[in-house]
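Top line first, the protein sequences correspond to chains A and B.
Mapping the first sequence onto my numbering, position 42 (from 1) lands on 70, and the numbers just tick up by one.
Mapping the second sequence onto my numbering, position 48 (from 1) lands on 498, and the numbers just tick up by one.
Ideal placement from N, C-alpha and C gives every residue a C-beta, glycine not left out.
Here's the structure, in structure tokens; my notes come after.
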Amino acid sequence: DSGVTQTPKHLITATGQRVTLRCSPRSGDLSVYWYQQSLDQGLQFLIQYYNGEERAKGNILERFSAQQFPDLHSELNLSSLELGDSALYFCASGQSGPSTDTQYFGPGTRLTVL
Amino acid sequence: GQQLNQSPQSMFIQEGEDVSMNCTSSSIFNTWLWYKQDPGEGPVLLIALYKAGELTSNGRLTAQFGITRKDSFLNISASIPSDVGIYFCAGQGIIQGAQKLVFGQGTRLTINP
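Following this line, the structure appears as structure tokens:
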């Protein structure tokens, strides 16, 4: 158990809909990272938040957005969903030291868009 | 997006054999991480490397941070059935002006009993 929690574990929805994925980081971690993992593909970095503010952006679509709240939990919002958005979405947390940040992953949310 | 070159992509071995996989990059990293992912689960951190040349072990696993800071390898000795899974390397460094963690495509390990 990494200490990172994600809900829901599974999500099935239709094209055009909007969903929200939730992540709670490990106790003491200020950074939250979101990743997308499609079938048979590696992990694609989407976005990072540090202590409530956006710190880095990866390959995140404009239809996707995220935020980190004062209690440090984070939400990833996916809108106008397309079939290709079906994937595992992982959240990871870390402490974001000055030159490095070991990331611990949550169990993921499996999103299926029908 | 930018990714590391991880090899091999897949391995089929007999139980008890040793395993070796590596990652290379054109970018310099200040941290190398190795993760294992079981089907439907999140990646689990196996070993973290923070200094060039560092050699670190975790049980039957050994990983090294290359001197050039552009590569890393992971060895698994005397493989057992529970070693089956996908192993990912990840390098962390400044890429396009921001601190980023970049993942390899993974090495899928299959063990024949």
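Output the boundary residues of the beta strand (DSSP E) element that contains B:Phe479.
-> Mapped onto the second sequence, residue 479 of chain B falls at position 29. Run containing B:Phe479: none; DSSP gives neither H nor E here.
Less than 9 angstroms separating the beta-carbons of A:Gly80 and A:Leu100?
-> In the first sequence, residue 80 of chain A corresponds to position 52, counting from 1. In the first sequence, residue 100 of chain A corresponds to position 72, counting from 1. Cβ atoms of A:Gly80 and A:Leu100: closer than 9 angstroms.
Report, in whole angstroms, the separation of the C-beta atoms of A:Ser59 and A:Gly134, which I expect to be a contact under 8 angstroms.
-> Here residue 59 of chain A refers to the residue found at position 31 of the first sequence. Here residue 134 of chain A refers to the residue found at position 106 of the first sequence. About 13 angstroms separates the two Cβ atoms, so there is no contact after all.
Taking B:Leu483 as the query, report the chain A residues whose CB atoms sit under 9 angstroms from its CB, ordered along the chain.
-> Mapped onto the second sequence, residue 483 of chain B falls at position 33. Thr130, Gln131, listed in chain order.
Per DSSP, cross-strand counterpart(s) of A:Tyr61 = Stepping through the first sequence from its first residue, residue 61 of chain A is reached at position 33. Per DSSP, A:Gln76, A:Ala120.
When DSSP labels each residue in this structure, what does A:Gly112 get in the three-state scheme?
-> Position 84 of the first sequence holds residue 112 of chain A. A:Gly112 falls in the helix class under three-state DSSP.
Is A:Gly136 close to chain B, meaning its C-beta is less than 9 angstroms from at least one C-beta of that chain?
-> For the purposes of this step, residue 136 of chain A is taken as residue 108 along the first sequence, with counting starting at 1. So yes, A:Gly136 belongs to the interface.
B:Asn472 burial status per 10 Å Cβ neighbour count (16 or more: buried) | Reading the second sequence from its first residue, position 22 is the one you call residue 472 of chain B. Its Cβ being crowded by 16 or more others within 10 Å, B:Asn472 is buried.
Taking the beta strand (DSSP E) that B:Asn562 falls in, what are its first and last residues?
-> Locating residue 562 of chain B in the second sequence gives position 112, where the first residue counts as 1. It spans 557-562 - the beta strand (DSSP E) in which B:Asn562 sits, taken as one unbroken run.
Kindly list the residues whose CB is nearer than 8 angstroms to the CB of B:Ile463, restricted to its own chain and excluding five residues on each side of it in sequence; keep chain order.
-> Taking the first residue of the second sequence as 1, we reach residue 463 of chain B at position 13. Closer than 8 angstroms at Cβ, skipping near neighbours: Val469, Ser529, Leu559, Thr560, Ile561, Asn562.
Pull up the distance between the alpha-carbon of A:Leu39 and that of A:Arg91, whole angstroms please.
-> By one-based count along the first sequence, residue 39 of chain A stands at place 11. By one-based count along the first sequence, residue 91 of chain A stands at place 63. So the alpha carbons of these two residues sit roughly 18 angstroms apart.
Label A:Gln64 either buried or exposed according to how many other C-beta atoms from any shown protein chain fall within 10 Å of its C-beta, with 16 as the threshold for buried.
-> Locating residue 64 of chain A in the first sequence gives position 36, counting from the first residue. A:Gln64 is buried by the Cβ-count criterion.
Report the neighbours of B:Leu511 on chain A: residues whose CB is nearer than 7 angstroms to its CB, in chain order.
-> As a working note, residue 511 of chain B is residue 61 in the second sequence. Those within 7 angstroms of B:Leu511 in chain A number zero; the least Cβ separation is about 16 angstroms.
From which residue to which residue does the beta strand (DSSP E) around A:Asn87 run?
-> The sequence position of residue 87 of chain A within the first sequence is 59, counting from 1. Element bounds for A:Asn87: n/a, residue is neither H nor E.
Starting from B:Ile530, follow the beta strand (DSSP E) in both directions and report where the run begins and ends.
-> In the second sequence, residue 530 of chain B corresponds to position 80, counting from 1. From DSSP, B:Ile530 is part of no beta strand (DSSP E); its letter is neither H nor E.
Starting from A:Leu67, find everything on chain D with Cβ-Cβ shorter than 9 angstroms and list it in chain order.
-> Looking for chain D here will not work: the only protein chains present are A and B.
When B:Ser527, B:Ala502, B:Lys501 are compared against B:Leu511, the one with the closest alpha-carbon | For the purposes of this step, residue 511 of chain B is taken as residue 61 along the second sequence, with counting starting at 1. Looking at the Cα atoms, B:Ser527 is the closest of the given residues.
Whole-angstrom distance between B:Leu551 and A:Lys37, CA atom to CA atom = Counting from 1 along the first sequence, the entry for residue 37 of chain A is found at position 9. Counting from 1 along the second sequence, the entry for residue 551 of chain B is found at position 101. So the two alpha carbons sit approximately 24 angstroms from each other.
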